[in-house]
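Residue numbers (the working numbering): 100 to 720. No residue lacks a Cβ here, since even glycine has one placed at the ideal position from N, Cα and C. This structure is a prediction, so every number in the text was calculated from the model and none was measured. This report concerns only the one structure given below.
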């Protein structure tokens, strides 16, 4: 039994050895086949490399042949040009000699043929023969100019270019001709008008009217040539105007306060700025105004302004001193004047509004964090005032409802959800207008990224036509503008509305997600949009308000953040007053100086500081 088992095991092992041998032979055959393929690929690569090397050799031969051909052609052209120039020179010398002989002969025969002019040239056999030495020299110069042009055209202008004196003059009529008719025909030779006067010519007199300065700031300086006696009579005079910038200079004012006996009592003198908001401060009015306007007019951070003052004047004023002084000063201005200013904003019957963001350090449960907060901007239509508000940085509808609860009139906004309260709440006496620019933006985005059918383009084209009409209405009165809108714009809006309804019934997958969103946004804003045609005072969009927010948006990129909620309120009110100065053509420096010096006076009328009513205040005698 054991013997049979061993025999079976032996046969099994023999069978496995045979299978292994067959498998090894099969793998060896596959390996040989792969090696053959690799060898073929190597041979193909070598063949391609040899072909590339051959092609490179051929290319170098072709480049060499091209260079030789170009060199031969250039040499032939140059030799031909030199030969032609020699023959032309010989011909011109012969002509000059002939003309000289003819002129000498003409002098001898002068008076014999008085009716015959010698100044005119004549032709003989296609060749022009000149009858005067001056005409001959002029024609020779013309021919030399032609030859210079031919040389420039033959040998190019890459290496050696003609100088300004070597280049011939070009006829302006030929210069404006078509390309196929541009033949560089030179005209009369260049005339030398003598040496140029290197002295600067005086500027036109009108230049002095570009900038207005006070008479006391004008300085006149008399300049005489060296060696001239000032008492002698002058040969002439000319006037130049130079505008010179006088850098700020820090002045130190030392004020002596005396105590004198007035009546029975001894009384101390009062400070000159006893009514100023800077009372008790160690800086003057213009110093503070410069700090404020560098930030809220020019957009420079307070630290950079302090550095510039230090570099110019050498005064090293601590950073904290400037920041604290500016913040305290703005707080006083806001507490004193903001309520009066806000009432003048709400009196206007037509407002435009928008909002923007800014970073503010806020107190969150005892921890200070940098958060993104919102600033609201309002612009009036009649008085051209701007008002920014900051209400804890909130963007909720409660902010604008609380601000406009006493307002009666019209407000123009974008399609943000918080503005829809004016359409839902009848207790608010506010009529809302929509903005066509925001509607256009959605269609423009759809056409740029998604719409291939041209639907968005049709809407954009109608919007373009509306703006063309509005542009033509600028000089019309409100009544005429309203009449023209009824004739020109309302039919366009009606057609646009019908198309919006048609495409709104289609699924989003048919007209595209972005286009579908643009259509729905336009339909949601349509009631507020069509309303602007009811009054000629209304505008078609909200750009009126957004333009006033550019300085705030640019400024935050420089000073980055506000240190607290109070600093954010000060920033909002400072921008309000500064932007209103720009809209009313008021010098911001004069306005802020007057505000700081006089708004703290007792019995002052705060309404007189509103930009539409403002004038420089003066102290009573």
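(request) Output the distance between the C-alpha atoms of residue 273 and residue 325, rounded to the nearest integer angstrom. (result) Low confidence applies to residue 273: its pLDDT is 38, below 50, so where it sits in the model is not reliable enough to give any reading.
(message) Please tell me whether residue 527 and residue 627 are closer than 8 Å, where the distance is taken between their beta carbons.
(response) For residue 527 and residue 627, no; Cβs fall outside 8 Å.
(message) Using 8 Å as the threshold, is the C-beta distance between residue 497 and residue 476 below it?
(response) Taking a C-beta distance under 8 Å as the contact criterion, residue 497 and residue 476 do not qualify as a contact pair.
(request) State whether the stretch 454-463 contacts the stretch 690-702, with contact taken as three or more CB pairs (one from each stretch) at a distance under 8 Å. (result) Because the criterion of three Cβ pairs below 8 Å is not met, the stretch 454-463 and the stretch 690-702 do not touch.
(request) Determine the direct distance from the alpha carbon of residue 646 to that of residue 634, and round the result to whole angstroms. (result) For residue 634 and residue 646, the distance between alpha carbons rounds to 22 Å.
(message) From the DSSP secondary-structure annotation, give me the bridge partner or partners of residue 531.
(response) Paired residues: 510.
(request) Please confirm whether residue 365 and residue 358 have their CB atoms less than 8 Å apart. (result) Yes. Within cutoff.
(message) Mapping the DSSP letters down to three states, classify residue 468 as helix, strand or coil.
(response) In this structure, residue 468 counts as strand in the three-state DSSP scheme.
(request) Quick one: measure Cβ to Cβ for residue 429 and residue 617, integer angstroms, because I've assumed they're closer than 8 Å. (result) Contact doesn't hold; Cβ gap of about 43 Å is too wide.
(request) Within 10 angstroms of the Cβ of residue 529, are there 16 or more other Cβ atoms? Answer buried if so, exposed if not. (result) It counts as buried.
(message) Would residue 655 and residue 457 qualify as a contact pair, given that the criterion is a beta-carbon distance under 8 Å?
(response) Contact check for residue 655 against residue 457 passes: the beta carbons are separated by less than 8 Å.
(message) Let's see if you can read the secondary structure: which residues bound the alpha helix (DSSP H) around residue 657?
(response) 649-658 is the span of the alpha helix (DSSP H), which, as asked, contains residue 657.
(request) Within the same chain, show all residues whose beta-carbon is closer than 8 Å to that of residue 686, passing over the 5 residues directly before and after it, in chain order. (result) Cβ neighbours of residue 686 beyond the five flanking positions: 680.
(message) Whole angstroms are fine: how far does the CA of residue 403 sit from the CA of residue 390?
(response) The straight-line gap from Cα to Cα measures roughly 10 Å.
(request) Can you give me the Cβ contacts of residue 569 inside the same chain, cut-off strictly under 7 Å, excluding the 5 residues immediately before and after it? (result) Correct list, in chain order: 639.
(request) Would you mind stating whether residue 392 and residue 384 have Cβ atoms separated by less than 8 Å? (result) In terms of Cβ geometry, residue 392 and residue 384 do not form a close pair [threshold 8 Å].
(message) Using DSSP's beta-bridge definition, name the partner residues of residue 178.
(response) As far as DSSP is concerned, residue 178 takes part in no beta bridge.
(message) Any beta carbon from chain D within less than 8 Å of residue 441's own beta carbon?
(response) Among the chains of the structure shown, chain D does not appear; only one protein chain is present.
(request) Can you tell me the Cβ-Cβ gap for residue 380 and residue 424, rounded? I've got them flagged as a contact below 8 Å. (result) Sure, about 6 Å apart at Cβ, within 8 Å.
(request) Excluding the 5 residues preceding and the 5 following residue 562 in the sequence, name in chain order all residues of the same chain whose CB lies nearer than 7 Å to its CB. (result) Around residue 562: 535 and 539.
(message) According to DSSP, residue 451 sits in a beta bridge with which residue or residues?
(response) The secondary-structure analysis by DSSP pairs residue 451 across a beta bridge with 478 and 511.
(request) Please name the residue, chosen from 414, 410, 199 and 421, that lies closest to residue 401 on a Cα-to-Cα basis. (result) It is 421.
(message) Please state whether the Cβ-Cβ distance between residue 661 and residue 670 is less than 8 Å.
(response) Yes, they are a contact pair.
(request) Assign residue 548 to one of two classes, buried (16 or more other C-beta atoms within 10 Å of its C-beta) or exposed (fewer than that). (result) By the neighbour-count definition (other C-beta atoms within 10 Å, threshold 16), residue 548 is an exposed residue.
(message) Is the separation between the beta-carbon of residue 644 and that of residue 441 shorter than 8 Å?
(response) Their beta carbons are not under 8 Å apart, which means residue 644 does not touch residue 441 by this criterion.
(request) State the DSSP-derived secondary structure class of residue 337, mapped to helix, strand or coil. (result) Look at residue 337 here: in three-state DSSP terms it is coil, with no helix or strand label.
(message) Is the beta carbon of residue 711 closer than 8 Å to that of residue 683?
(response) Yes. Within cutoff.
(message) Measuring straight from C-alpha to C-alpha, what distance separates residue 342 and residue 315?
(response) Using only the alpha carbons, I get a separation of about 14 Å.
(message) Would residue 768 and residue 667 be called neighbours here (beta carbons separated by less than 8 Å)?
(response) Given that the chain is displayed from residue 100 to residue 720, the structure contains no residue 768 and the question cannot be resolved.
(message) For residue 636, which residues in the same chain have their Cβ closer than 7 Å to its Cβ, ignoring the five residues on either side in sequence?
(response) 449, 480 and 577.
(message) Here's the rule: buried if 16 or more other CB atoms are within 10 angstroms of the residue's CB, otherwise exposed. What is residue 368?
(response) Exposed, by the Cβ-count rule.
(request) Check the DSSP bridge columns for residue 364 and list the partner residues they point to. (result) According to DSSP, which records beta bridges pairwise, residue 364 is partnered with 361.
(message) My output table needs one value for residue 661: the three-state DSSP class, helix, strand or coil.
(response) Residue 661 falls in the strand class under three-state DSSP.
(request) Using a threshold of 8 Å, state whether the C-beta atoms of residue 432 and residue 659 are closer than that. (result) Cβ atoms of residue 432 and residue 659: not closer than 8 Å.
(message) Are the CB atoms of residue 675 and residue 486 within a distance shorter than 8 Å?
(response) Yes; because the gap between Cβ atoms is below 8 Å, this pair is in contact.
(message) Which of the three DSSP states is assigned to residue 577 in this structure?
(response) In the structure shown, residue 577 falls within a helical segment according to DSSP collapsed to helix, strand and coil.
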